[in-house]
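Accompanying notes for the structure given below.
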Amino acid sequence: MPAPPPSPLRPPYPQKGGATIERATHANHTIHGVPVFALGEHRGFRYDDAWARRALEVFHRLKRKYGYLPPVIIGHTSDSEAEKPAVGFMDGLRIVRNHLVADLVGLTREVYDQIRAGRWPYRSIEVISRAAQITALALLGGTPPYMKTPPLRFSESGAAIHHAKGAEMEDTSPMEAKHFSEEEVTRLVEEARAEERARAEETLAATRQTVERLQAQAQEAAAARFRENLRGFGFAPALVDMPELKALYDHIARESQPVRFGQTETTTAELLQTVLANVARHAAKDSAFVRCGQQVPSAPHQRFWEADAPPETEVPAHVLDRASSGSVERLNRARKLAKEHSISFRDALIRVMES
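If you're matching positions, the sequence shown starts at 4 in the numbering used here and goes up one per residue.
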C-alpha cells in the first residue's frame, strides 16, 4: 500500500514568518523557520552581517559539494561523553533580520512530540567562529542556553510559532538562500574579507597607539625616577634640572641594546645612573676632583687613598701603582694602628711587618 502524501500541519490563519511543522512522511517531520542564532558580540567575538554571510557561504558550499548538513543533537557535545546520535538536521539556513534561521528536517516522531511537549524548548548552535562554520544544533531542556532565546511554542492547530522581542519575525523563503550564484558567493566572500581586513587594520592601529602611549608614559616615569635618584645622591637642583642632562637621559633611554659591564649586562640609562652615583659618593668624600698640584694614585689603588691622610703616611702615586695588594693592605693597617694607639706611623708599620 503506498504511503500517504505529505500533510503539512500549518496554522489556519496567515502568519508572517511563523515557524511551522511539516510532516514529510510517517517518520519524519520538519520545523520551518526556527531562529538558531542571534547576531551580535558574544564572548568577545563579533558575529556581524559579514560573518553571517560567510556562514551562509560555508553552509551552502558544504551542502553543494558533499551534501553535508549540520546535525541536530540532544544537548551539547562533550569530550567526556560518548558519541551523540543525530535526531535531525539543519537545512535552509538563511538570514532573517538579526538572526540566523534554519529548518529542522528529518525529525523523528518521538523527538517532534518531545519538542511540542516542551521538553526541548531551547536551541544552541555549536560553531567554529573563525571559520564561520556551524557544526551542530543542540536542543536544550533544563540547561539554560548561553544566548537566551524564547522557547518554541505551538498553537492548537499544530503550528510552531516563535516570537522575538514580542514581535513576529519576518522570514524569507528557504529557496532564496539556496540559489546564490557563483558571482554572488564570490562577492559576499570578498566583502567579508575586506571588512575583516579593515577591522584588523583598525585594531592594529589602535594597538600601536596604545603601545606608543604606554611606552611614552613608561619613559616619563623612568625619567622622573632618574631625577629623584640624583636628588637622593645629593646633586644640586640646578644640575638635576639641566635641560642637557634631561636630553641626554631621554636619548640613551631609547637605546635597546644592553651594555656588558664585567660579568653583567645593564642598560645605558642604568649605567649612566651608576656613574653619577659614584661621582656623588666620591664628591661627598672630597675625592671626586683633584686639586691643582695634588698627587693621587691611579684607579686600581684609588680606593686606598684618603684626602686627609697625615703627611708621614702619604705615598707617591707612582709607588702605589707598582705596589702589590698585600703591600697596600699592610700600609692601611699601619695607618689604622698609628691612629688607634697614637703612635708614629713608622712604629706602627714596624709592628705590622713583625706580625
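In this text, a Cβ means the ideal position worked out from N, Cα and C, and glycines have one as well.
DSSP places P246 within a helical segment (H, G or I) once states are collapsed to three.
Short of 6 Å from the beta carbon of V104, and not among the five residues preceding or following it, lie these beta carbons of its own chain, in chain order: G36, P38, R97. The DSSP-derived three-state label of A139 is strand.
Taking the C-beta atoms as reference points, L65 is found no nearer than 7 Å to G91. In terms of Cα proximity to R284, the closest of F238, A134, S327 is F238. Judged by beta-carbon spacing, A139 lies within the 7 Å limit of P73, meaning their Cβ atoms are closer than that value. Secondary structure at E357: helix, using DSSP grouped into helix, strand and coil. Annotation for G329: the continuous alpha helix (DSSP H) segment containing it runs 328-344. Contact annotation: N101 and L42 have beta-carbon atoms nearer than 7 Å.
As DSSP reads the structure, F48 sits in a beta bridge with H45. The beta carbon of V243 sits closer than 8 Å to those of R230, L233, R234, all from its chain and outside the five residues before and after it, given in chain order.
Taking the Cα positions, M93 is about 31 Å away from R202. DSSP places Y115 in the uninterrupted alpha helix (DSSP H) bounded by 112-119.
A direct Cα-Cα distance of roughly 8 Å separates D51 from E44. Nearest to L275 by alpha-carbon distance, out of L251, Q220, Y125, is L251. The straight-line gap separating the alpha-carbon atoms of Q117 and A209 is approximately 50 Å.
Excluding its 5 nearest sequence neighbours in each direction, R122 has C-beta neighbours in its own chain below 8 Å: G144, listed in chain order. Taking the CA atoms as reference points, P261 sits about 42 Å from E198.
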